[in-house]
Structure formats: C-alpha cells, structure tokens
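*Asks:* For reference, the structure I am asking about is given below.
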Amino acid sequence: MSLKRCVLLIAAPGSGKSTIAKRIERIYKLTHICSGDLFRAHIANGTDLGKQVEKIMSDGNLVDDDLTMQVLGDSLSKINLKEYDGVLLDGIPRTLNQVELFERQWSAPNLVINVDVPFTEIVNRLSNRLTHLPSGRVYNMDFDPPEVPGIDDVTGEKLQLRSDDKPEAVSNRLDNYELITQPILKHYKDRQLLKVFSGTETNVIWPEIDLFLKKHFKIA
C-alpha cells in the first residue's frame, strides 16, 4: 500500500512532540498515529494484540518489531485514508528493522522531522509533568496546567507523577532514546529526508516547522 503523504515525527519524550503533532494533524489534515496510543488502545480493549503488548511492556521490555508493525497495520487498515491528506507517524518506526518493514509494506516517508530539544531542558520539563495514566494525557505545571490542580480536564480523575518522570529515570530514558534513534536519524539524513528543528520552546520551534511544511508541500 502506498500512502498519499507520510511524515515521520521523531522527538524525545518531553520535547513538546504531542503539541506539535496536534498542530500538524489539524493544519495539514494528516491522521496522527502514535505508537504509545496504539498500544494503550489495544490493551484497554483487551484485544489479542493488546494482551501480547501488555505482557511485554509489563516486563519492562520494548515491543518487538514484528508485533509493532502488526499493531500499526491493524490501525491503518481501520482508517479511511481517503478522508486525510496523509499520515503523521509518531514514535514509529523506532528501529532500523522497523524502518525496513514499514517501507516494504507501505512506502518511504516524504519527510522526517526531528525536534531537537536539549536534554537538560527535558529533564526539567518532565519533573513538572503530571499524567492521566489511563489515557496518556499529560499536563505541565509550568506552561500547560490542568484547569483544576491535580485533576484531569476530561475525566475529573486524579493526575499522577509517573515514576519514570523522576529526574534520574528521565535521564536513563533519554540515554536509551538517543541510542535507539541515532541510527534512524542517520539513515534518513543520508537519504536527504531529515529536517532538524532545534530549540527550547515549542512555541518558538513550531512556526519554523509550519513554514517549512508549507514550502515543502507547496501550500499557500
């Protein structure tokens, strides 16, 4: 299957990726597909794929490449892609093998966006982050707080500080992220598909991404 338009978004946890993804999705009419959301949905719905994913994640392991591609394929098969101008992939593919599997089954991306935020900034951000665990919805107490302190805007349920959002855990996550993503970034850089946007503030980085996308896709 060939995708009409495919943009990959690569960014570390806590880099403002969710905010940027929502804006790209809305303005450029791309359906946003996030690996974490896909896994959570399958787990919540108790599907056979979800049961496999839940066991792997509960053991503290990464979901293997074949199963990840299976989950992605299941999602794409249920989307009416004709309603969108393409797809925005977030957190997937995340290994070189997944890149190969994805391109073999669908197509190479038109563009790969890397949001590069200093790790020191991310550690500070995540230490101020609260999460609604069932949905994965996140709030930052400094610049994106919930309407009621400590309470999710949508469900009214309590928000929590995830154990992996503590500074030491965040540093370990970022080290792992860098180890995993550097080969992928190099792969797409070598193919001249990679565009890097660096900074510390999402609202400063975003206008640069927006302008680039307009030029890249020749949108007035």
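In this note's numbering, the protein residues as written are 30 to 249. Ideal Cβ placement from N, Cα and C applies to all residues, glycine included.
Using 8 Å as the Cβ pair cut-off and three pairs as the minimum, do the segment 153-163 and the segment 128-145 touch?
*Replies:* Because the criterion of three Cβ pairs below 8 Å is not met, the segment 153-163 and the segment 128-145 do not touch.
*Asks:* Tell me whether the segment 137-155 and the segment 77-94 touch, counting them as touching only if at least three CB pairs, one residue from each stretch, are closer than 8 Å.
*Replies:* Segments in contact, no.
*Asks:* What are the boundary residues of the beta strand (DSSP E) that K224 is part of?
*Replies:* Counting along the chain, the beta strand (DSSP E) containing K224 begins and ends at L223 to S227.
*Asks:* Distance check for E207 and V92, CA to CA, integer angstroms please.
*Replies:* Near 18 Å, if we compare the C-alpha coordinates of E207 and V92.
*Asks:* To which residues does DSSP link V167 through a beta bridge?
*Replies:* According to DSSP, V167 bridges with T160.
*Asks:* Quick one, are the C-beta atoms of P147 and T229 less than 8 Å apart?
*Replies:* Closer than 8 Å, so yes.
*Asks:* What are the complete alpha helix (DSSP H) segments, minimum 4 residues, inside the segment 42-83?
*Replies:* Counting only runs of 4 or more, we get 46-57 and 64-74.
*Asks:* Buried or exposed, going by whether 16 or more other CB atoms sit within 10 Å of the CB of D193?
*Replies:* The residue in question, D193, is exposed, as its Cβ has fewer than 16 Cβ neighbours within 10 Å.
*Asks:* Could you tell me the alpha carbon to alpha carbon distance between Y57 and L118, rounded to whole angstroms?
*Replies:* Taking the straight line joining both Cα atoms gives about 13 Å.
*Asks:* Counting pairs of beta carbons, one from the segment 40-50 and one from the segment 103-110, are three or more of them closer than 8 Å?
*Replies:* Because the criterion of three Cβ pairs below 8 Å is not met, the segment 40-50 and the segment 103-110 do not touch.
*Asks:* Please work out which residues of its chain come closer than 6 Å, Cβ to Cβ, to D95, disregarding the five sequence neighbours upstream and downstream, and give them in chain order.
*Replies:* Around D95: no qualifying Cβ.
*Asks:* Buried or exposed for I108, please, with buried defined as at least 16 other CB atoms from any protein chain shown within 10 angstroms of its CB.
*Replies:* It counts as exposed.
*Asks:* Provide the residue span of the beta strand (DSSP E) that contains V100, from first to last.
*Replies:* Where V100 is concerned, there is no enclosing beta strand (DSSP E), although the alpha helix (DSSP H) it sits in stretches over D94 to S106.
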